[in-house]
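Structure record follows, encoded as structure tokens.
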Amino acid sequence: MAGKVIISCAVTGAIHTPSMSDYLPITPEEIARSSIEAAEAGAAIIHLHARDPETGAPTPDPAVFARFLPVIKQSTDAVVNITTGGGLTMTLDERLAAPLEAKPEMCSLNMGSMNFNISRAGDRVKNWKHAWEKPYLEGTTNFIFRNTFADIAGIVEKLGKGHGTRFEFECYDVGHLYNLAHCLDQKIVEPPLFVQTIFGILGGIGADQRNLLFMKETADRLFGDQYVWSVLAAGRHQMAFTTMAGIMGGNVRVGLEDSLYIGRGQLAKSNAEQVAKIRRILEELSLEIATPAEARAILKLKGGDRVGF
Ligand code: KMH
Ligand code: ZN
Numbered sequence: 005m006a007g008k009v010i011i012s013c014a015v016t017g018a019i020h021t022p023s024m025s026d027y028l029p030i031t032p033e034e035i036a037r038s039s040i041e042a043a044e045a046g047a048a049i050i051h052l053h054a055r056d057p058e059t060g061a062p063t064p065d066p067a068v069f070a071r072f073l074p075v076i077k078q079s080t081d082a083v084v085n086i087t088t089g090g091g092l093t094m095t096l097d098e099r100l101a102a103p104l105e106a107k108p109e110m111c112s113l114n115m116g117s118m119n120f121n122i123s124r125a126g127d128r129v130k131n132w133k134h135a136w137e138k139p140y141l142e143g144t145t146n147f148i149f150r151n152t153f154a155d156i157a158g159i160v161e162k163l164g165k166g167h168g169t170r171f172e173f174e175c176y177d178v179g180h181l182y183n184l185a186h187c188l189d190q191k192i193v194e195p196p197l198f199v200q201t202i203f204g205i206l207g208g209i210g211a212d213q214r215n216l217l218f219m220k221e222t223a224d225r226l227f228g229d230q231y232v233w234s235v236l237a238a239g240r241h242q243m244a245f246t247t248m249a250g251i252m253g254g255n256v257r258v259g260l261e262d263s264l265y266i267g268r269g270q271l272a273k274s275n276a277e278q279v280a281k282i283r284r285i286l287e288e289l290s291l292e293i294a295t296p297a298e299a300r301a302i303l304k305l306k307g308g309d310r311v312g313f
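Structure (structure tokens):
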């Protein structure tokens, strides 16, 4: 398994809004179909948020998740990873409602409180489809994405200890790596740690190549062989950063949550298109793609038959 690259695909997220791309999956049927296509294209892990089927607004409603989770499970072998970050207006209890019902193999776990400014994400939009979109984005100039140490420990307690869920540790800056190292030191979290280093969110570390090296060096120093490294980068940096991660021995995340584009000025028509592109690049570089079973073994996951959906 050594050297196999795990491709994660984050299919819809809570950053992009329906007016930014007609290809963003919104309804449970669209989210299921897009996830299945991404898995067929080579994604071993599907990272999921839910949206209100009418308005496309991010929703924490477990009933909406329940409309696509079983469909994905029945149609693919991919690891289902549910967000605990939710959407930018949700309380922590709301963020945890669906994961606690679904008890998935994997959940995201955001490793620090931070500014999370996506107010410019809609700059190219000429016609807004829904009234919520513009204020949702503009409101993030005054938004703190809350993830205190107590919040983090509580999530691990409820989902990790409670249901055997393991985590995609979302690290948006160097300090988040140190927060995770503290949790490892305190035995709050257990290795192997799946560390998702994130570049290019306004409020986190910038998408500068030297930062990629710096985050990797820091993670190596803090976690040694106790971690599995993955990279995502926002917007136009997505493919370059994931390619560099592959070359450096890391794993990658793509998907319309992180970027709506497939090339310069060209909207991606599906999540699968992005998965196929990074797969093609990695295979051209003689790297091998991990299957879901290999991803489960690498990350020590409990298995797709031990979830609540
Ligand atoms: N939206 C990404 C930058 C989460 O879902 O918990 C990070 C993310 C957060 O995926
Ligand atoms: Zn997410």
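The sequence shown: position 5 = 9 (my numbering), numbered continuously. Cβ coordinates follow ideal geometry from the N, Cα and C atoms, glycine included.
Original post:
Identify the residues that DSSP records as bridge partners of S12: which are they?
Top reply: I49, R257
Original post:
Got a sec? Which residues, its chain only, sit under 6 Å from P195 by beta carbon, not counting five neighbours each side?
Top reply: Q230
Original post:
Closest to V258 by CA distance: which of Q270, F245, M252 is it?
Top reply: Of the residues Q270, F245, M252, the one whose Cα lies closest to the Cα of V258 is F245.
**OP:** Could you pull the start and end residues of the beta strand (DSSP E) that V235 belongs to?
**Re:** 231 to 237
**OP:** Measure from the alpha carbon of G46 to the alpha carbon of each residue in A82, L271, K77, V75, then state which is nearest.
**Re:** A82
Subject >> Distance between beta carbons of G307 and E172, contact taken as under 8 Å >> reply: Not a contact, Cβ separation roughly 17 Å.
Subject >> Secondary structure of Q213, DSSP reduced to three states >> reply: helix
Subject >> Option nearest M248 by Cα separation, candidates Y265, R214, I266 >> reply: R214
**OP:** Look at the Cβ atom of V279, then the Cβ atom of A42, and state whether they are nearer than 8 Å.
**Re:** yes
Original post:
Are the Cβ atoms of V235 and L216 separated by less than 8 Å?
Top reply: yes
Original post:
Where does F149 fall in DSSP's three states?
Top reply: In the structure shown, F149 adopts extended strand secondary structure according to DSSP, grouped into three states.
**OP:** May I have all residues whose beta carbon comes closer than 6 Å to any heavy atom of the ligand ZN, sorted in chain order?
**Re:** A14, G17, H51, H53, T87, G89, S112, E261
Original post:
Which residue's Cα is closest to the Cα of C111: T222, E33, A101?
Top reply: A101
Original post:
P139: buried (16+ other C-beta within 10 angstroms of its C-beta) or exposed?
Top reply: exposed
**OP:** Kindly list the residues whose CB is nearer than 6 Å to the CB of G90, restricted to its own chain and excluding five residues on each side of it in sequence; keep chain order.
**Re:** P64, R99
Subject >> Nearest-angstrom Cβ-Cβ length linking I76 and A48, presumed shorter than 8 Å >> reply: About 13 Å separates the beta carbon of I76 from that of A48, a gap too long to meet the 8 Å contact definition.
**OP:** Excluding the 5 residues preceding and the 5 following K8 in the sequence, name in chain order all residues of the same chain whose CB lies nearer than 6 Å to its CB.
**Re:** E292, A294, E298
Original post:
Would you say the beta carbon of E34 comes nearer than 7 Å to a heavy atom of the ligand KMH?
Top reply: no
Original post:
Is the number of C-beta pairs between the segment 141 to 156 and the segment 117 to 130 that are closer than 8 Å three or more?
Top reply: The count of Cβ pairs closer than 8 Å, one atom from the segment 141 to 156 and one from the segment 117 to 130, reaches three, so the stretches are in contact.
Original post:
Any idea which residues DSSP pairs T80 with across the strands?
Top reply: T80 pairs with nothing; no bridge assigned.
Subject >> Neighbour flag for M115 against chain D, beta carbons, 8 Å >> reply: Included in the structure is just one protein chain, with no chain D present.
Original post:
DSSP state of M110, grouped into three classes?
Top reply: strand
**OP:** Measure the beta-carbon distance from L303 to R170 and round it to whole angstroms, keeping in mind my assumption that it falls under 8 Å.
**Re:** 6 Å
Original post:
If you draw a straight line from the C-alpha of L206 to the C-alpha of V84, how long is it?
Top reply: Within the model, the alpha-carbon separation for L206 versus V84 is close to 27 Å.
Subject >> Distance between Q200 and K281 (C-alpha atoms, nearest Å) >> reply: 20 Å
Original post:
Does at least one heavy atom of the ligand KMH sit under 7 Å from the Cβ of I202?
Top reply: Yes; taking the cut-off as 7 Å, the Cβ of I202 has a heavy atom of the ligand KMH nearer than that.
**OP:** Evaluate N183 with the Cβ neighbour count: other Cβ atoms within 10 Å of its Cβ, from every protein chain shown; 16 or more gives buried, anything less gives exposed.
**Re:** buried
Original post:
Can you tell me the Cα-Cα spacing of P62 and I251, whole angstroms?
Top reply: If you take the alpha carbons of P62 and I251, they lie about 34 Å apart.
Original post:
Is I19 near the ligand KMH, with its Cβ less than 7 Å from a heavy atom?
Top reply: Yes, the Cβ of I19 comes within 7 Å of a heavy atom of the ligand KMH.
**OP:** Note down the Cα distance separating G116 from K220, rounded to an integer number of angstroms.
**Re:** Answer to the nearest angstrom: the Cα atoms are 18 Å apart.
**OP:** Tell me whether E98 counts as near the ligand KMH, meaning its Cβ is closer than 7 Å to at least one heavy atom of that ligand.
**Re:** No, the beta carbon of E98 sits no closer than 7 Å to any heavy atom of the ligand KMH.
Subject >> Best match in G253, G269, F218, L226 for proximity to G239 [C-alpha to C-alpha] >> reply: G269
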